[in-house]
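Visitor:
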Amino acid sequence: MDNIEIINGKGSFASFREPAWHSLGEVFNHKVTSASEMLQLANLHNWNVRVEEIPMADGYTTSNPSFWVVRDHPADGHPDVLATVGKRYKTVQNEELFDFGDAILDGANWETAGSIKNGRVVFGSLALERETILDPEGVNDVVKSYLLIHTSHDGSTAVQASVTPVRVVCQNTLNQALKGVKQSYKLRHTQSVEGKVANAREALGLAHTYLDAFELEAKELYQASISDKVWNDIITTAYPDRKS
């Protein structure tokens, strides 16, 4: 299940109208335009992420203490240790992270949100107004675009806002989205999110340039023709004969 966190028998995940392949979490049928509502639906609210110094054993001292990253688990409120970090690490609350997304795209709709790796990674996707339509007179295949907001609570990932055509619902789709990202804005966990909205908007201002390039490439691929032999080679490579 791609390490999707299970809370009270459900995934810590929320999706607008379309359920994820893993069938976990909440599917909501109305537009969610505020981070506060999205946090409730995806079980991402009130985690109270914090650092606590790791106590030393009796008789031991250190000049370089280590810290636990701790949260209150959504199911029962009990402390849950997510990682061990150094003293420069700054926590970012889920509320801060997704309010950041709200501020970048004021009034946009949250399409997906959730936590994976047992709460160590959180993500949310805001729908961009722009869509790419392949073969409008034929199959009319619509490719939507998103502003992906994500971070980790274990020091492995910065705060990041990225433009992507991938609808993130799990670890695999998060990896896929990040692999193809051409435009993003990052903040390390030694910095503060506060006051960075203008910088993020400027950094993401070239998003339409990326989407223009994506649309052009997608249409060229869609219109390209291949021979029967090439098609057969693709199929036999992807699905080799198991009897041989």
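My numbering numbers the first residue of the sequence shown as 95 and each following residue consecutively.
No residue lacks a Cβ here, since even glycine has one placed at the ideal position from N, Cα and C.
Here the structure is a predicted model, which is why all the values come from computation and not from measurement.
Would you mind reading off the limits of the alpha helix (DSSP H) that contains ALA318?
Guide: Careful: ALA318 lies outside any alpha helix (DSSP H) and carries neither H nor E.
Visitor: Note the first and the last residue of the continuous alpha helix (DSSP H) segment covering GLU190.
Guide: Counting along the chain, the alpha helix (DSSP H) containing GLU190 begins and ends at 188-198.
Visitor: I need the DSSP call for GLU131, collapsed to helix, strand or coil.
Guide: Looking at GLU131 - three-state DSSP - the assignment turns out to be helix.
Visitor: Could you say if the stretch 207-220 and the stretch 191-199 meet the contact criterion of at least three C-beta pairs nearer than 8 Å?
Guide: Yes: the two stretches touch, three or more of their Cβ pairs being nearer than 8 Å.
Visitor: Within its chain, find whatever has a CB closer than 8 Å to the CB of VAL163; leave out the 5 residues flanking it on each side and keep chain order.
Guide: Within the same chain, VAL163 has close Cβ partners VAL143, ARG144, VAL145, VAL175, LEU176, ALA177, THR178, VAL179, TYR183, THR185, HIS247, ASP248 and GLY249.
Visitor: Is the distance from the Cβ of PRO168 to the Cβ of ASN137 below 8 Å?
Guide: Contact: yes.
Visitor: Closer than 7 Å by C-beta to LEU281: which residues in its own chain qualify, once you throw out the five before and the five after it? Chain order, please.
Guide: Excluding sequence neighbours, LEU281 sits near ALA252, VAL253, VAL287 and LYS290.
Visitor: Please report how far the alpha carbon of PRO275 lies from the alpha carbon of ALA221, in whole angstroms.
Guide: The sequence shown places Val at residue 275, not Pro. In a straight line, the C-alpha of VAL275 is about 16 Å away from that of ALA221.
Visitor: Opposite VAL349 in the DSSP bridges: which residues?
Guide: The question about residue 349 has no answer, for the chain in this structure spans 95 to 338.
Visitor: How long is the line joining the alpha carbons of GLU99 and HIS116, rounded to whole angstroms?
Guide: Looking at the two C-alpha atoms, the distance is approximately 12 Å.
Visitor: Can you tell me whether SER219 is buried or exposed, with buried defined as 16 or more other CB within 10 angstroms of its CB?
Guide: When all chains shown are included, SER219 counts as buried.
Visitor: Tell me GLN340's beta-bridge partners as DSSP assigns them.
Guide: This structure cannot settle anything about residue 340, because the visible part of the chain is limited to 95 through 338.
Visitor: Indicate the three-state DSSP secondary structure (helix, strand or coil) for VAL143 in the structure shown.
Guide: Three-state DSSP puts VAL143 in coil, outside helix and strand.
Visitor: Per DSSP, which one or two residues make a beta bridge with GLY218?
Guide: Beta-bridge pairing links GLY218 to ALA207 and ILE243.
Visitor: Going straight from the alpha carbon of LYS119 to that of ILE101, what length do you get?
Guide: According to the sequence shown, residue 119 is Gly rather than Lys. Cα to Cα, the separation comes out at about 9 Å.
Visitor: May I have the straight-line CA-CA distance separating LEU300 from MET150, to the nearest angstrom?
Guide: Because LEU300 sits at a pLDDT of 45, beneath the cut-off of 50, its placement in the model cannot be relied upon, and the following sentence gives the value as read from the coordinates. When rounded, the distance between both Cα atoms is 49 Å.
Visitor: Leaving out five residues before and five after GLY105 in sequence, what residues of the same chain have Cβ atoms less than 6 Å from its Cβ?
Guide: Once the five neighbours on either side are set aside, the close Cβ partners of GLY105 are ILE98, LEU118 and GLY119.
Visitor: Using the C-alpha atoms, what's the distance from HIS283 back to PRO159?
Guide: Taking the straight line from one Cα to the other gives about 18 Å.
Visitor: Report yes if the CB atom of VAL263 is closer than 8 Å to the CB atom of ALA108, and no otherwise.
Guide: Their beta carbons are not under 8 Å apart, which means VAL263 does not touch ALA108 by this criterion.
Visitor: Does THR258 come out as helix, strand or coil in the three-state DSSP assignment?
Guide: Three-state result, THR258: strand.
Visitor: Quick check: the Cα distance between THR245 and ASP322, rounded to an integer number of angstroms?
Guide: Rounded to the nearest angstrom, the two C-alpha atoms are 45 Å apart.
Visitor: Residue range of the beta strand (DSSP E) that TRP162 falls in?
Guide: Run containing TRP162: 161-166, per the beta strand (DSSP E) assignment.
Visitor: From the beta carbon of LYS290, is the nearest beta carbon of chain B less than 8 Å away?
Guide: Going by chain labels, chain B is absent from the structure shown, which holds only one protein chain.
Visitor: Return the first residue and the last residue of the beta strand (DSSP E) that ASP174 is part of.
Guide: Segment 173-179, the beta strand (DSSP E) holding ASP174.
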